[in-house]
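Below: the structure, in structure tokens.
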Amino acid sequence: MRWMKIMALLVPVAAASAEPIQSYDSYKSWLVACDNGLTCIAKGFAEDAKRAQMTIERTAGPAGTITATISAENKFTLADVRLDGKSVELNPQDWTLDGGDGEFSLSSDRLPAIQALVARLRNGSKLTLADGAQVPLDGFAAAMLRVDERQGRLETVTALAKPGATPASQVPSAPALPRIPAHPIAAKLASGEAQKLITNVRTAQKAVFEKEDCEAEVSVMKPEAYALDDKLALVLLPCIMGAYQGSSLAFLAPRDGGTATQLIAPLAYAGNKPDRSGVTMFTESDFDPDTGTLAMAARGRGLADCGMSASWIWDGQAFRMASLSLQTACGGLSPGDWPTLFRSIQ
Numbered sequence: 023m024r025w026m027k028i029m030a031l032l033v034p035v036a037a038a039s040a041e042p043i044q045s046y047d048s049y050k051s052w053l054v055a056c057d058n059g060l061t062c063i064a065k066g067f068a069e070d071a072k073r074a075q076m077t078i079e080r081t082a083g084p085a086g087t088i089t090a091t092i093s094a095e096n097k098f099t100l101a102d103v104r105l106d107g108k109s110v111e112l113n114p115q116d117w118t119l120d121g122g123d124g125e126f127s128l129s130s131d132r133l134p135a136i137q138a139l140v141a142r143l144r145n146g147s148k149l150t151l152a153d154g155a156q157v158p159l160d161g162f163a164a165a166m167l168r169v170d171e172r173q174g175r176l177e178t179v180t181a182l183a184k185p186g187a188t189p190a191s192q193v194p195s196a197p198a199l200p201r202i203p204a205h206p207i208a209a210k211l212a213s214g215e216a217q218k219l220i221t222n223v224r225t226a227q228k229a230v231f232e233k234e235d236c237e238a239e240v241s242v243m244k245p246e247a248y249a250l251d252d253k254l255a256l257v258l259l260p261c262i263m264g265a266y267q268g269s270s271l272a273f274l275a276p277r278d279g280g281t282a283t284q285l286i287a288p289l290a291y292a293g294n295k296p297d298r299s300g301v302t303m304f305t306e307s308d309f310d311p312d313t314g315t316l317a318m319a320a321r322g323r324g325l326a327d328c329g330m331s332a333s334w335i336w337d338g339q340a341f342r343m344a345s346l347s348l349q350t351a352c353g354g355l356s357p358g359d360w361p362t363l364f365r366s367i368q
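Residue numbers (the working numbering): 23 to 368.
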């Protein structure tokens, strides 16, 4: 299943709504993902290449922590780190080399050292390591500026792209994370009720299946139904099956035989790409009645070096987003290591 097909599973924003805190932005070879607690990660790599990447991860607030990491598949030393052919001359007291098993890294959590590196790289073209591994820097300066802007650091002594004299105490505190408690479901479906719900929804929702371009037969996936309470059930019906994952449509179905409604799970985030507000298909879906959690994970391709995972918790009235991770560009070193966009406290 191609990544564009995965992104088509999301529905566009239908109407103006409050701007979400979390954001995802793309700047050529770099991305910036900031979650709803304004922890931001900037990541740069050559798309469709798995040779090297650079990340800068920073938490929000005046005393927010920061870590910069340069990683590659092959071993390298400080002397191998070069900017457009010239040595970057990193101080070994500020940077730590580590690695093994196909991934080697150079990292620092010292703000002055990271600020100095950002100042050197912002006008460069590419950062090279050993054996030809490289991290492109097109979009790097914009990515650093976006992190500063999102965390309210512009013109402060803590800024990366645009430092100034304003003290760190003026940097806004991190937003509080929402509390979305688990919602164990005690209700159970009666014998034969699951199959009845599945049959009724499939028959009544033919137009939805046609609109979503579902396949006529998806035999390797099984339909499922779960009680949400004494009156309502969640029904998951297979829609499409790709080479390595399948997707289902979800419906909220009255247990008394009333008309079901298609579930559009919330998935809002801001950014410089078209915003999305909901999910209509649930890839590799899983529902856990013990916590009331509906989860999904959609790989952009088999390598899992791009994709989206999310979860929603039923609160007795609706499914509320509890977690979200996303990476739209394919590449980098660690499969499934997609930046976090939304966190909650259970």
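Just so you know, even glycine gets a beta-carbon here, dropped at the ideal spot from N, CA and C.
These numbers were taken from a predicted model, which means no experiment stands behind them.
What would DSSP say about Q349, mapped onto helix, strand or coil?
If DSSP states are grouped into helix, strand and coil, Q349 belongs with the strands.
Taking K50 and G161 to be in contact with their CB atoms under 8 Å, please state how far apart those CB atoms are, rounded to whole angstroms.
With 8 Å as the limit, K50 and G161 qualify as a contact, their Cβ atoms being about 3 Å apart.
Measure the C-alpha to C-alpha separation of D308 and K218 and round it to an integer number of angstroms.
So the two alpha carbons sit approximately 20 Å from each other.
Can you list, in chain order, the residues of its chain whose CB lies under 7 Å from that of P260, leaving out five sequence neighbours each side?
Closer than 7 Å at the Cβ level, and outside the excluded window around P260, lie V240, M243, P245, G268 and S270.
To the nearest angstrom, report how far apart V157 and T225 are at their CA atoms.
Rounded to whole angstroms, V157 to T225 spans 52 Å at the Cα level.
Return yes when the Cβ of Y291 is within less than 9 Å of the Cβ of L325, no when it is not.
No; because the gap between Cβ atoms is not below 9 Å, this pair is not in contact.
Count the other C-beta atoms from every protein chain shown that fall within 10 angstroms of the C-beta of I220, then say buried if there are 16 or more, exposed otherwise.
Buried, because 16 or more other Cβ atoms sit within 10 Å of the Cβ of I220.
Determine the extent of the alpha helix (DSSP H) in which V140 is found, giving its start and end residues.
Annotation for V140: the continuous alpha helix (DSSP H) segment containing it runs L133 to L143.
In this structure, how does DSSP classify I166 when only helix, strand and coil are distinguished?
With the sequence shown as reference, residue 166 is identified as Met, and Ile is not the correct amino acid for it. The answer is helix: DSSP assigns M166 an H, G or I state.
Which of the three DSSP states, helix, strand or coil, is assigned to Q217?
The answer is helix: DSSP assigns Q217 an H, G or I state.
Give the DSSP bridge partners of G122, in chain order.
Beta-bridge annotation (DSSP): G122 is paired with E125.
Taking the beta strand (DSSP E) that A74 falls in, what are its first and last residues?
Where A74 is concerned, the enclosing beta strand (DSSP E) stretches over A74 to R80.
State the DSSP-derived secondary structure class of D47, mapped to helix, strand or coil.
D47: strand per DSSP, three-state reduction.
With DSSP collapsed to three states, give me the class of V223.
Three-state result, V223: helix.
Going by DSSP in three states, P42 sits in which element: helix, strand or coil?
Residue state, collapsed to three classes: coil.
Three-state class that DSSP yields for F231 in the structure shown:
Residue state, collapsed to three classes: helix.
From what residue to what residue does the beta strand (DSSP E) around K148 run?
Start and end: K148 to T150.
To the nearest angstrom, report how far apart R24 and S93 are at their CA atoms.
Any reading at R24 must be qualified, since the residue scores a pLDDT of 42, below 50, and its modelled position is unreliable; the value itself is stated next. Looking at the two C-alpha atoms, the distance is approximately 27 Å.
Label D312 either buried or exposed according to how many other C-beta atoms from any shown protein chain fall within 10 Å of its C-beta, with 16 as the threshold for buried.
Answer is exposed; the Cβ neighbour count stays below 16.
Could you tell me the alpha carbon to alpha carbon distance between N222 and A319, rounded to whole angstroms?
Looking at the two C-alpha atoms, the distance is approximately 27 Å.
Given 8 Å as the limit, is there contact between the stretch 68 to 82 and the stretch 350 to 366, that is, 3 or more CB pairs closer than that?
With a cut-off of 8 Å on Cβ pairs, the stretch 68 to 82 is in contact with the stretch 350 to 366, counting three or more such pairs.
Measuring alpha carbon to alpha carbon, tell me which of I335, I207 and L199 ends up nearest D252.
Distances from the CA of D252 to each of I335, I207 and L199 were compared; the closest alpha carbon is that of I207.
Is it true that the CB of M330 sits closer than 9 Å to the CB of S456?
Nothing can be reported for residue 456: it is not among the residues displayed for the chain, which extend from 23 to 368.
For A187 and E69, I'd like the C-alpha separation in whole angstroms.
The alpha-carbon atoms of A187 and E69 are separated by roughly 37 Å.
Identify, in the order they occur along the chain, each residue of the same chain with its Cβ nearer than 6 Å to the Cβ of T87, setting aside the five sequence neighbours on each side.
When the five nearest sequence neighbours on each side are left out, the beta carbons in the same chain lying within less than 6 Å of the beta carbon of T87 are those of T81, in order along the chain.
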